[in-house]
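Here the structure comes first, spelled out in structure tokens, and everything after it is commentary.
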Amino acid sequence: MNLKGRNFITLKDFTPEEIEYLLNLSADLKAKKKQGITGSSLKGKNIALIFEKPSTRTRCSFVVAAVDEGGHPEYLGKDDIQLGHKESVEDTARVLGRVFDGIEFRGFKHKTVEDLGKYAGVPVWNGLTDDYHPTQILADLLTMKEQFGYLKGLHFVYAGDGRNNMANSLMIGMSKMGVHFTILAPECLWPVKELVELCQGYAKESGSTITITEDCAAVKDADVLYTDVWCSMGEEEKAAERISLLRPYQINKELMNQTGKDTTIFMHCLPAVKGYEVTEEVFESGASVVFDEAENRMHTIKAVMVATLGD
Ligand code: CP
Ligand code: NVA
Numbered sequence: 002m003n004l005k006g007r008n009f010i011t012l013k014d015f016t017p018e019e020i021e022y023l024l025n026l027s028a029d030l031k032a033k034k035k036q037g038i039t040g041s042s043l044k045g046k047n048i049a050l051i052f053e054k055p056s057t058r059t060r061c062s063f064v065v066a067a068v069d070e071g072g073h074p075e076y077l078g079k080d081d082i083q084l085g086h087k088e089s090v091e092d093t094a095r096v097l098g099r100v101f102d103g104i105e106f107r108g109f110k111h112k113t114v115e116d117l118g119k120y121a122g123v124p125v126w127n128g129l130t131d132d133y134h135p136t137q138i139l140a141d142l143l144t145m146k147e148q149f150g151y152l153k154g155l156h157f158v159y160a161g162d163g164r165n166n167m168a169n170s171l172m173i174g175m176s177k178m179g180v181h182f183t184i185l186a187p188e189c190l191w192p193v194k195e196l197v198e199l200c201q202g203y204a205k206e207s208g209s210t211i212t213i214t215e216d217c218a219a220v221k222d223a224d225v226l227y228t229d230v231w232c233s234m235g236e237e238e239k240a241a242e243r244i245s246l247l248r249p250y251q252i253n254k255e256l257m258n259q260t261g262k263d264t265t266i267f268m269h270c271l272p273a274v275k276g277y278e279v280t281e282e283v284f285e286s287g288a289s290v291v292f293d294e295a296e297n298r299m300h301t302i303k304a305v306m307v308a309t310l311g312d
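Its first residue numbered 2, the sequence shown is counted upward by one per residue in my numbering.
Quick look at the structure:
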């Protein structure tokens, strides 16, 4: 499998085989790191990390993963560069592409990361936009493989804001990998029709299903219950409205019990606002694998950089 020179902007651009390859590479790099073995595949590579929005996991994962492989990461915060203020995205992309070997972008408009990818001439990786968060999905898929040993045929229910970057990206990733995927959300927070139809096509090919519903009975048989914050970065003014809309969709002990399986795991991309989208009880329970997901961000981001840029 050769992914050299490829951008990583959404999982729409990757086949199930390519995603599987990245997951296997992640598991391999993780096992090596546990034995104290790091690589040198990014030796001599300079990596720009552009962050318009804050980050704990994604930023730290890119930094540690790059250094582990011998690369040099450079953090560029929102007030550090001219991007989008004094200089167009297209020009910034061409400048950074001359100086750096790879560029990570986290920010608001998805079009910004697309334009960086179009004009930089070096691999561009999406570290989260308003619409998509694809590196998180690799970490989630790796965590599910570790927990269950397989992906195809698992039942995955995402409860909460059904049209945010996580819901969109999970729908793409799960439908491609043959995981039955449900969004449990009030209708006003359902994903856009075009994306649902696209993912229904992926689901058809992989033999899985997509369900979008307001009915909490849909958690029956779920292997995974997943949630995310009710207000994503940049939507803080919507807090009161979201709390009243999403209160019935909180992941709590009762909802976990309604799956009818004692093997259901709880997942969350983090950061979590406990007491809202998930109770402290579920978050801290034995069913919760949230810190495995957080750790797996680093191993999967390393795999993306090694596969697209490494020697
Ligand atoms: N899950 C995630 O992307 O976390 P950060 O916002 O801390 O990077
Ligand atoms: N939907 C969340 C994800 C954080 C990792 C946000 O965009 O803030």
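For each residue, glycine too, the CB sits at the ideal point set by N, CA and C. Note that this is a predicted model, so its numbers are computed, not measured.
Residue i, enclosing beta strand (DSSP E) - first and last residue
i    : result
F267 : I266 to H269
L77  : H73 to G78
V230 : Neither: V230 is in no beta strand (DSSP E) and is coded neither H nor E.
E105 : G103 to R107
I82  : Per DSSP, I82 belongs to no beta strand (DSSP E) and is neither H nor E.
Y159 : H156 to A160
F15  : Segment: none, F15 is in no beta strand (DSSP E) and carries neither H nor E.
L152 : It is not in any beta strand (DSSP E) - L152 carries neither H nor E in the DSSP assignment.
I10  : Taken as a continuous stretch (DSSP letters only), I10 belongs to no beta strand (DSSP E), as it is neither H nor E.
DSSP state of residue i mapped onto helix, strand, coil
i    : result
L129 : coil
T113 : helix
K262 : coil
H134 : coil
V291 : helix
K177 : helix
Inter-residue CB distance, residue i and residue j (contact presumed, cutoff 8 Å)
i    : j    : result
V197 : I10  : Rounded, the Cβ-Cβ distance is 20 Å, inconsistent with contact.
H156 : A223 : 5 Å
Straight-line Cα distance separating residue j from residue i
i    : j    : result
T280 : T260 : 17 Å
T265 : E294 : 15 Å
L152 : P17  : 11 Å
D80  : K54  : 11 Å
A186 : E282 : 22 Å
Q36  : L30  : 10 Å
L1   : L129 : The requested residue 1 does not occur in the structure, where the chain is confined to residues 2 to 312.
M257 : E215 : 17 Å
G150 : L24  : 12 Å
G72  : Y120 : 22 Å
G179 : V64  : 32 Å
Option nearest residue i by Cα separation, candidates the options
i    : options                  : result
E117 : E91, D141 and A219       : The sequence as given places Leu at residue 117; Glu does not occur at that position. That would be E91, whose Cα lies nearest to the Cα of L117.
A49  : D162, K239, N297 and G98 : G98
Y203 : H86, Y22, N127 and G174  : G174
Unbroken alpha helix (DSSP H) run spanning residue i, endpoints
i    : result
A121 : Where A121 is concerned, there is no enclosing alpha helix (DSSP H), given that its DSSP letter is neither H nor E.
A67  : R58 to D69
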